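Enquirer: Quick one: this structure, given as structure tokens, is what I'll be asking you about.
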Amino acid sequence: EEIEKGGYDHFMLKEIYEQPRAILDTYRGRLLADKGLIKMAGVDENIEKFLNANRIIIVACGTSWHAGLVAEYIFEDLARIPVEVEYASEFRYRNPVITDKDVLIAISQSGETADTLAAIKLAKEKGAFVFGVCNVVGSSISRETDAGAYTHAGPEIGVASTKAFTTQITVLTLIALKLAKEKGVFSQSKYHEFLTELENIPSKVEKVLLSNALVEQVAAVYKDATNCLYLGRGYNFPVALEGALKLKEISYIHAEGYPAAEMKHGPIALIDEHMPVFVIATKKGHYEKVVSNIQEIKSRKGKIIAIVTEGDEMVRDLADHVIEVPETFESLTPLLTTIPLQLLSYHIALMRGCNVDQPRNLAKSVTVE
Ligand code: G6P
247 EEIEKGGYDH FMLKEIYEQP RAILDTYRGR LLADKGLIKM AGVDENIEKF LNANRIIIVA
307 CGTSWHAGLV AEYIFEDLAR IPVEVEYASE FRYRNPVITD KDVLIAISQS GETADTLAAI
367 KLAKEKGAFV FGVCNVVGSS ISRETDAGAY THAGPEIGVA STKAFTTQIT VLTLIALKLA
427 KEKGVFSQSK YHEFLTELEN IPSKVEKVLL SNALVEQVAA VYKDATNCLY LGRGYNFPVA
487 LEGALKLKEI SYIHAEGYPA AEMKHGPIAL IDEHMPVFVI ATKKGHYEKV VSNIQEIKSR
547 KGKIIAIVTE GDEMVRDLAD HVIEVPETFE SLTPLLTTIP LQLLSYHIAL MRGCNVDQPR
607 NLAKSVTVE
């Protein structure tokens, strides 16, 4: 096992650090920026199904569901295709309206999650085209789907999912870009800019990982918190949910993720000097609005830990701690902003003496309903 951990103390930390490589492996051979091309057999062979779809329905559980939420923003924003994201367990039991004009995308790291598998079977019965985004090659979901794309993240052993999440987002971004181009929503030059920026992501993730020591210091300050709030807007709203989930899963601290603007409809009542609030406040995407949310937290004495774009000054003046990430396209920010939140949960769990790789009551893959 020590050998498998490759010199890291835990699988989770190893897998966090593998992300630059995992993202590269995900787009390697698919993204041909010099040729201005994305090659994905499962999409290429079924391109008409995607282009003629009334909507895309995404089903998943846990962290994969959060990747689905990011994908909703990506598909709608870039490719202008309506998307609905569903918990597989809710979808399958509520007599959903599905037709043969729907494309269902199932996202699953393990490819074995019982509820996701059942949702696929239901959608197939109703005539939908079913596409899988799995990590484990040859898994049940990858066999059950009509077509698919693997994430190629390599084995993920830590129960709390990390590299599966960022590689799922990478695959879904590739698909959305391809469809945006095919639909003519994207010009060749805009498409080309995106492909080039995607190629920059692994080195930008590498840069975010350099903040590990700073994140560890922040973790030491908040390790004894009993409640935490995570806020983000737009593309970073699902990142807030994922940040909160990571903390709950491995450190057993109660955490809630919320869209920043919804704070005033409830969670603001919780804020006092004991409440750490993690806010994703990158420059693009409603930045000013998030800054005003931060001011509201500050005036109620909440502790503010902000994930900001490199060089940010406005939030730095307001927040108790800032963690910087490099600038990128708004739709690609989740690939960067999620990294410090993974590290933060890791360090807090470790400092609290929790079993990071095998948290209590949780399983890597839930094959029962
Ligand atoms: C379990 C795991 C999570 C995972 C979820 C969905 O709850 O602990 O890390 O996100 O299942 O798993 P899947 O393999 O379908 O992505």
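The sequence shown begins at 247 in UniProt numbering and counts up by one. Quick reminder that beta carbons are idealized off the backbone N, C-alpha and C, glycines included. Being a predicted model, the structure only gives us computed values, none of them experimental.
(1) Under 8 Å between the Cβ atoms of L315 and P484?
(2) With a 10 Å radius around its C-beta and 16 neighbouring C-beta atoms as the bar for buried, classify A515 as buried or exposed.
(3) Distance cutoff 8 Å, beta carbons only. Does L456 sit that close to anything in chain D?
(4) From the DSSP output, in three-state form, read off G308 for me.
(5) Report the residue from E452, G531, E322, A352 whose alpha carbon sits nearest the alpha carbon of G478.
(6) Could you tell me which residues DSSP pairs with C474 in its beta bridges?
(7) With DSSP as the reference, label F377 as helix, strand or coil.
(8) What does the Cβ neighbour count give for Y339, buried or exposed, with the cut at 16 atoms within 10 Å?
(9) Quick one, are the C-beta atoms of K529 and D558 less than 8 Å apart?
(10) Less than 8 Å between the CB atoms is what I'm expecting for L441 and G282, so what's the real figure, rounded?
(11) On the DSSP bridge list, what partners appear for P522?
(12) Excluding the five sequence neighbours on either side, which residues of its own chain have a C-beta within less than 6 Å of the C-beta of T397, listed in chain order?
(13) For S433, which of helix, strand or coil comes out of DSSP?
(14) Taking the alpha-carbon positions, what's the V602 to E332 distance?
(15) Can you tell me the Cα-Cα spacing of K544 and I517, whole angstroms?
(16) Buried or exposed: where does G512 fall if 16 or more other Cβ atoms within 10 Å of its Cβ makes it buried?
(17) What residues are listed by DSSP as bridge partners for residue 619?
(18) My assumption, with CB atoms under 8 Å, is that T309 sits in contact with F411. Please give the rounded CB distance.
(19) Taking C-alpha atoms, which residue in P401, T362, E556, V405 lies nearest to T391?
(20) Taking DSSP's pairing of strands, which residues face I353 in a bridge?
(21) Measuring CB to CB, does G503 end up less than 8 Å from G489?
(22) Suppose you measure from the CA of A317 to the CA of I540; what does that come to, to the nearest Å?
(23) Only counting the same chain, and skipping five residues up and downstream in sequence, which positions put a Cβ closer than 8 Å to that of S386?
(24) Closest to D470 by CA distance: which of L277, I594, N298, I293 is it?
(25) Just to confirm, does Q541 get its C-beta within under 7 Å of one of the non-hydrogen atoms of ligand 1?
(26) Comparing the CB of K610 with every heavy atom of ligand 1, is any distance shorter than 7 Å?
(27) Does the Cβ-Cβ distance between L589 and I447 come in under 8 Å?
(28) Shorter than 7 Å, the distance from the beta carbon of S591 to the closest heavy atom of ligand 1, or not?
(29) Considering only residues of the same chain and omitting the five flanking positions on each side of G378, which have a CB-CB separation below 6 Å?
(30) Indicate the three-state DSSP secondary structure (helix, strand or coil) for L456 in the structure shown.
(31) Tell me which same chain residues have a C-beta within less than 7 Å of the C-beta of I550, skipping the five on either side of it?
(32) Would you report the Cα separation of K535 and Y319, rounded to the nearest angstrom?
(33) For K453, which option in G288, I585, K610 has the closest C-alpha, if you only look at C-alpha atoms?
(34) Can you have a look at Q355 and say buried or exposed, based on whether 16 or more other CB atoms are within 10 angstroms of its CB?
(35) Alpha carbon to alpha carbon, how far is V349 from G548?
(36) Helix, strand or coil for L608, going by three-state DSSP, please let me know.
Expert: Reading off the structure:
(1) yes
(2) exposed
(3) Looking for chain D here will not work: only one protein chain is present.
(4) DSSP places G308 in helix when its eight states are reduced to three.
(5) The shortest C-alpha separation from G478 is found at G531.
(6) A501
(7) strand
(8) exposed
(9) yes
(10) 7 Å
(11) K549
(12) T272, N381, T413, Q414, V417
(13) coil
(14) 28 Å
(15) Computed Cα separation, rounded: 9 Å.
(16) exposed
(17) With the chain running from 247 to 615 in the structure shown, residue 619 is simply not present.
(18) Distance from T309 to F411 at the Cβ level is roughly 5 Å; contact confirmed, criterion being Cβ atoms closer than 8 Å.
(19) Among P401, T362, E556, V405, the Cα nearest to that of T391 belongs to T362.
(20) V379
(21) yes
(22) 26 Å
(23) Cβ within range, chain order: G357, E358, L363.
(24) For D470, the nearest C-alpha among the options comes from I594.
(25) no
(26) yes
(27) Their beta carbons are not under 8 Å apart, which means L589 does not touch I447 by this criterion.
(28) no
(29) A352, I387, S388, T391, G394
(30) coil
(31) V523, V525, I540, I543, K544, L564, A565, D566
(32) 18 Å
(33) I585
(34) buried
(35) 43 Å
(36) coil
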